[in-house]
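Participant: What the sequence shown shows, in the working numbering, is residues 2 to 517, in sequence order.
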Amino acid sequence: MGWLDQVGDQVDTLKRARGLQESSRSAEAYRILSGVLATTTDRYARADALVQRLSAVVNLGRTAEYTRAIEEATSAVRDLTEPYPHGHLHALAALAAHHQGALDRCVMHLVRAARALGAVEDPDRDTAWGWHDLAMAYSYLSFHGYALGAIERARQLGLAAGIPAETFAAPGIRLRNAVALDHTGDSDGCLRVLRDVASDLEQFLHTGQAGRLRPSSLAAYGYAAARQAALGDRLEVGTDGAPARLLCHGGDSARARDMLQLGEVCLAIAADRPIEAVTRLDTVQVSTETLGAAEPERLRSIALGRAGEHVAAHRADRRAFRLAAHRNDRLRDVYIDGIAARIDHEEMRREAARFEGEALTDPLTGLPNRRRLERYIAAVMAQGKRVVIGVCDLDGFKAVNTYHGHHSGDLVLQRVAGVVNRVMRRDDFVARYGGDEFVVVLPGTDMAEAEEVARRIKSAVRTEDWESLVPGTPVGVSIGFAEVAATGPDVPDALSLAFETADREMLRAKTRPRAS
Numbered sequence: 002m003g004w005l006d007q008v009g010d011q012v013d014t015l016k017r018a019r020g021l022q023e024s025s026r027s028a029e030a031y032r033i034l035s036g037v038l039a040t041t042t043d044r045y046a047r048a049d050a051l052v053q054r055l056s057a058v059v060n061l062g063r064t065a066e067y068t069r070a071i072e073e074a075t076s077a078v079r080d081l082t083e084p085y086p087h088g089h090l091h092a093l094a095a096l097a098a099h100h101q102g103a104l105d106r107c108v109m110h111l112v113r114a115a116r117a118l119g120a121v122e123d124p125d126r127d128t129a130w131g132w133h134d135l136a137m138a139y140s141y142l143s144f145h146g147y148a149l150g151a152i153e154r155a156r157q158l159g160l161a162a163g164i165p166a167e168t169f170a171a172p173g174i175r176l177r178n179a180v181a182l183d184h185t186g187d188s189d190g191c192l193r194v195l196r197d198v199a200s201d202l203e204q205f206l207h208t209g210q211a212g213r214l215r216p217s218s219l220a221a222y223g224y225a226a227a228r229q230a231a232l233g234d235r236l237e238v239g240t241d242g243a244p245a246r247l248l249c250h251g252g253d254s255a256r257a258r259d260m261l262q263l264g265e266v267c268l269a270i271a272a273d274r275p276i277e278a279v280t281r282l283d284t285v286q287v288s289t290e291t292l293g294a295a296e297p298e299r300l301r302s303i304a305l306g307r308a309g310e311h312v313a314a315h316r317a318d319r320r321a322f323r324l325a326a327h328r329n330d331r332l333r334d335v336y337i338d339g340i341a342a343r344i345d346h347e348e349m350r351r352e353a354a355r356f357e358g359e360a361l362t363d364p365l366t367g368l369p370n371r372r373r374l375e376r377y378i379a380a381v382m383a384q385g386k387r388v389v390i391g392v393c394d395l396d397g398f399k400a401v402n403t404y405h406g407h408h409s410g411d412l413v414l415q416r417v418a419g420v421v422n423r424v425m426r427r428d429d430f431v432a433r434y435g436g437d438e439f440v441v442v443l444p445g446t447d448m449a450e451a452e453e454v455a456r457r458i459k460s461a462v463r464t465e466d467w468e469s470l471v472p473g474t475p476v477g478v479s480i481g482f483a484e485v486a487a488t489g490p491d492v493p494d495a496l497s498l499a500f501e502t503a504d505r506e507m508l509r510a511k512t513r514p515r516a517s
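1. Can you name, in chain order, every residue of its own chain whose Cβ lies under 6 Å from the Cβ of R391, other than the five neighbours on each side?
2. Should Y31 be labelled buried (16 or more other beta-carbon atoms within 10 Å of its own) or exposed?
3. When we look at the beta-carbon of A227 and count the other beta-carbons within 10 Å, is it buried (16 or more) or exposed?
4. In whole angstroms, what is the alpha-carbon distance linking A269 and C249?
5. Short of 7 Å in beta carbon distance, which residues of its chain neighbour L219, apart from the five on each side in sequence? Order them along the chain.
6. Would you identify the three-state DSSP class for R433, choosing helix, strand or coil?
7. Alpha carbon to alpha carbon, what distance is there between R320 and V476?
8. According to the neighbour-count rule (16 or more other Cβ atoms, all chains shown, within 10 Å of its Cβ), is G173 buried or exposed?
9. Under 6 Å Cβ to Cβ from A28, same chain only, skipping five residues before and after it: list those, please.
10. Might you give, ordered along the chain, the residues of its own chain that have their beta carbon closer than 6 Å to the beta carbon of Y67, omitting 5 neighbours on each side?
11. Rounded to the nearest angstrom, how far is the Cβ of H91 from that of R113, given a contact under 8 Å?
12. Give the straight-line distance between the Cα atoms of V58 and A380, rounded to the nearest whole angstrom.
13. What residue ranges within the region 17-47 form continuous alpha helix (DSSP H) runs of no fewer than 4 residues, ordered along the chain?
14. List in chain order: all unbroken beta strand (DSSP E) runs of 3+ residues lying wholly within the region 457-514.
15. Are V78 and V108 close, meaning C-beta to C-beta below 8 Å?
16. Considering Cα atoms alone, identify which of E72, R154, P216, T208 is closest to A136.
17. Does the Cβ of E290 have 16 or more other Cβ atoms within 10 Å, making it buried, or fewer, making it exposed?
18. Is DSSP giving R416 helix, strand or coil here?
19. Return the first residue and the last residue of the beta strand (DSSP E) that I390 is part of.
20. If you drop the 5 nearest sequence neighbours on each side, which residues of the same chain put their C-beta closer than 7 Å to that of A243?
21. Under a three-way DSSP split, which group does V441 fall into?
22. For A55, which residues in the same chain have their Cβ closer than 6 Å to its Cβ, ignoring the five residues on either side in sequence?
23. If I'm right that V198 touches L182 with Cβ under 8 Å, what's the distance once you round it to whole angstroms?
24. Out of D49, S25, S24, point me to the one whose CA is closest to Q11's CA.
25. Using 8 Å as the Cβ pair cut-off and three pairs as the minimum, do the region 99-106 and the region 79-90 touch?
26. What number of angstroms, rounded off, separates the C-alpha of A120 from the C-alpha of F144?
27. What are the uninterrupted segments assigned as beta strand (DSSP E) that are 3 or more residues long and contained completely in the region 257-285, given in chain order?
28. To the nearest angstrom, report how far apart A314 and V285 are at their CA atoms.
29. Quick check on P364: does DSSP put it in helix, strand or coil?
30. To the nearest whole angstrom, what separates the beta carbons of R457 and V424, a pair I think is in contact under 8 Å?
31. Ignoring anything shorter than 4 residues, give me the alpha helix (DSSP H) runs that lie fully in the region 82-165, in order along the chain.
32. Do the CB positions of S25 and R215 come within less than 8 Å of each other?
33. Are the Cβ atoms of L206 and D234 separated by less than 8 Å?
34. Using a threshold of 8 Å, state whether the C-beta atoms of A495 and A486 are closer than that.
35. Name the DSSP bridge partner or partners of P369?
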């Protein structure tokens, strides 16, 4: 027996509200649900209406109403023994907590939602939608693997309940995964995912199934295509698959409105109108949660690069990377240090331990990553040692990717990692910061010694046999140094300031004339 079989009042009205929300008409659904709540005395009908109304509030982006909507739905569901309403409520509460910036609460709700939905003995179409909303929450929190698993569960349950597979296409999950890759320097990985998304849309169009896609899915397909074009891919699409047309299908979803605004920026870049794109970015108002706080800055970087403003583009790219890294660090802190200790769930604990190990190493080069770098600097400074950091940015790397492809680019990054490691002193530390940027940490070193280290690094990179690996595209390196001058609680601010100073010095080094 499914969930709605237990509801004794206004079942048809509740089903109509569901249909409206599935069609991205949440404002209409909200009004209908308010009418049910004003007239029903059935506790199951009331619980269903309050959970649905919370869904409408989240879809509409009415953040001021989140807390009250969650409290009312929680109160109505609390005494029910059926797991479905608990699971769907927690999935929606996770989305709301994420939009409020409460990551610890968000992850708690995710765990509880997965447990409750997994305990449903007779899953039906409503359970499928519960898994769909849980997948969305996972995706917005950047748990992309969990999101793909949850949406597949939704798809399987939906098929058993007669819901077409395309209803749960959920391109937004892979879209968010793609832009997250681009924010941290993996534009090639981003394009691979976006091309995969485009292939799915092409299949839906070819088989005539596109008309059964949800409006929010159409908007996500539109943004994926626009973003792909902004990165330089030439799009061969017909009228039905045109990004500008797809972006307008989002209904009254707040997230779809965000994608429409940023999608227009992408299309301006793709049409070689970078100044228009930058102007649009100066005026758009989008939630930082829709595609990540880094997305507007990353688009600004791409636009400025197209306009020939390469120094400004580099700075915008660095801001994007730091915004993405800051978000990932906050997430890992919550996930590893808080949730695993507070929830008695052994599988979650093992996953947390695995995630922490992966979180400290760059998978391409094997070097420590930004998180491990910052831990190392903090540990050295806690010992009272002075610390100089150097930001190393490759010269000629764009040409490598352009003329030889991203696979060759990966090989260059791996070789540079080995070259730099080889010439460092015993106590020095090397990390990959992101993209084609490396950071060296020189403990107990003054600026004069740092210049000697820079000379050795530049000489080693310059004399490497690049001709045999990437013919016709020599690779060099520009380096800027700065001292981290603080102790105690001021270390994070001092570290941020030192990185900005080293960045500026590195950019100055790039513009200096090179010895022939």
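A virtual CB, placed ideally from N, CA and C, is assigned to each residue, including glycine. Since this is a predicted model, take the numbers as computed values, not measurements.
Facilitator: Quick look at the numbers:
1. A small fix is needed here, since residue 391 is Gly in this sequence, not Arg. So the qualifying residues of the chain are V441, I480, F482.
2. buried
3. buried
4. 16 Å
5. L247, H250
6. strand
7. 25 Å
8. buried
9. D253
10. A97
11. 4 Å
12. 45 Å
13. 27-40
14. 477-485
15. no
16. R154
17. buried
18. helix
19. 388-396
20. none
21. strand
22. The sequence as given places Leu at residue 55; Ala does not occur at that position. Closer than 6 Å at Cβ, skipping near neighbours: A70, A74, L93.
23. Incorrect: roughly 13 Å between the Cβ atoms, too far for contact.
24. D49
25. no
26. 22 Å
27. none
28. 19 Å
29. coil
30. 5 Å
31. 84-100, 104-119, 126-141, 145-161
32. yes
33. no
34. yes
35. T362
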